[in-house]
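Data block below; observations after.
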Amino acid sequence: RWITEEMSYADFVAAGNLIAEYVLDNPVTQINGYIGIWDFKGFSFKHFLPFCSPKHIILLSTLMQDRFPARFKIAYCVNCSPLVNKAWSLINPVLKEKFRKRIKIFGTDMSVLHQYLEPAILPTEYGGVITTPENVEMAPRVLDQEQYVKYNLKFGYP
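Laid out in structure tokens, this is it:
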């Protein structure tokens, strides 16, 4: 969960990029692409405020559609409040139709998600059966990338 008092917007984006690069380093992901579940549980206005400027909307949409070297299949946005729908209405017009169709927005009813993804491959928090999500095992490996992050910071990366 993103606690805005402890992590800045820039750090949040950098962490997301680091995780995405780590996932992309897997040859299976490079071949098959990836499906994302973006959980908006607990997101409030202060979480969305940094994303809402025209500059950041264009930057984010360009990064996601044209600059990120991954085979993006689909993203399921879950636990979405009406605020998420408002934020979506800001970015939606600048997305290409192909990309726009690959983002599905749901509320808190996980049975809707189950129409797309079998519970057998989902963690319990999404109504699935997996008790220990794979990302728990991935987290220490991502955190071990400190030298890689420091190297990229020299180039203005996040």
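First residue of the sequence shown? That's 1495 in my numbering, and the numbers climb one at a time after it.
Note that CB positions come from ideal geometry on N, CA and C, so glycine has one too.
DSSP-derived helix/strand/coil call for residue i
{"i": "Trp1496", "result": "coil"}
{"i": "His1613", "result": "With the sequence shown as reference, residue 1613 is identified as Pro, and His is not the correct amino acid for it. Helix, per DSSP."}
{"i": "Lys1592", "result": "helix"}
Where the beta strand (DSSP E) through residue i begins and ends
{"i": "Phe1566", "result": "Phe1566 to Val1572"}
{"i": "Gly1467", "result": "Nothing in the structure corresponds to residue 1467, since the chain is present only between 1495 and 1652."}
N-terminal and C-terminal residue of the alpha helix (DSSP H) that residue i is part of
{"i": "Ile1551", "result": "Pro1548 to Thr1556"}
{"i": "Lys1644", "result": "Glu1640 to Leu1647"}
{"i": "Ile1624", "result": "Where Ile1624 is concerned, there is no enclosing alpha helix (DSSP H), given that its DSSP letter is neither H nor E."}
{"i": "Phe1537", "result": "Careful: Phe1537 lies outside any alpha helix (DSSP H) and carries neither H nor E."}
{"i": "Ser1583", "result": "Pro1576 to Ile1585"}
Where residue i falls, given that 16 or more other Cβ within 10 Å makes a residue buried
{"i": "Phe1562", "result": "exposed"}
{"i": "Leu1637", "result": "exposed"}
{"i": "Val1623", "result": "exposed"}
{"i": "Leu1616", "result": "buried"}
{"i": "Leu1512", "result": "buried"}
{"i": "Val1522", "result": "exposed"}
CB contact below 9 Å: residue i versus chain D
{"i": "Arg1565", "result": "Chain labels in this structure do not include chain D; a single protein chain is all it has."}
Residue of the options minimising C-alpha distance to residue i
{"i": "Leu1589", "options": "Phe1566, Leu1554 and Leu1611", "result": "Leu1554"}
{"i": "Phe1537", "options": "Ile1551, Pro1576 and Asp1560", "result": "Pro1576"}
{"i": "Glu1591", "options": "Cys1571, Asn1573 and Gln1559", "result": "Gln1559"}
{"i": "Ala1633", "options": "Thr1498, Asp1505, Tyr1516 and Trp1496", "result": "Tyr1516"}
{"i": "Ser1547", "options": "Leu1512, Lys1567, Tyr1503 and Leu1518", "result": "Tyr1503"}
{"i": "Val1572", "options": "Trp1532, Lys1540, Leu1584 and His1608", "result": "Trp1532"}
{"i": "Tyr1528", "options": "Arg1594, Tyr1570, Lys1648 and Phe1534", "result": "Tyr1570"}
{"i": "Leu1647", "options": "Ile1497, Ala1509, Gln1524 and Arg1495", "result": "Ala1509"}
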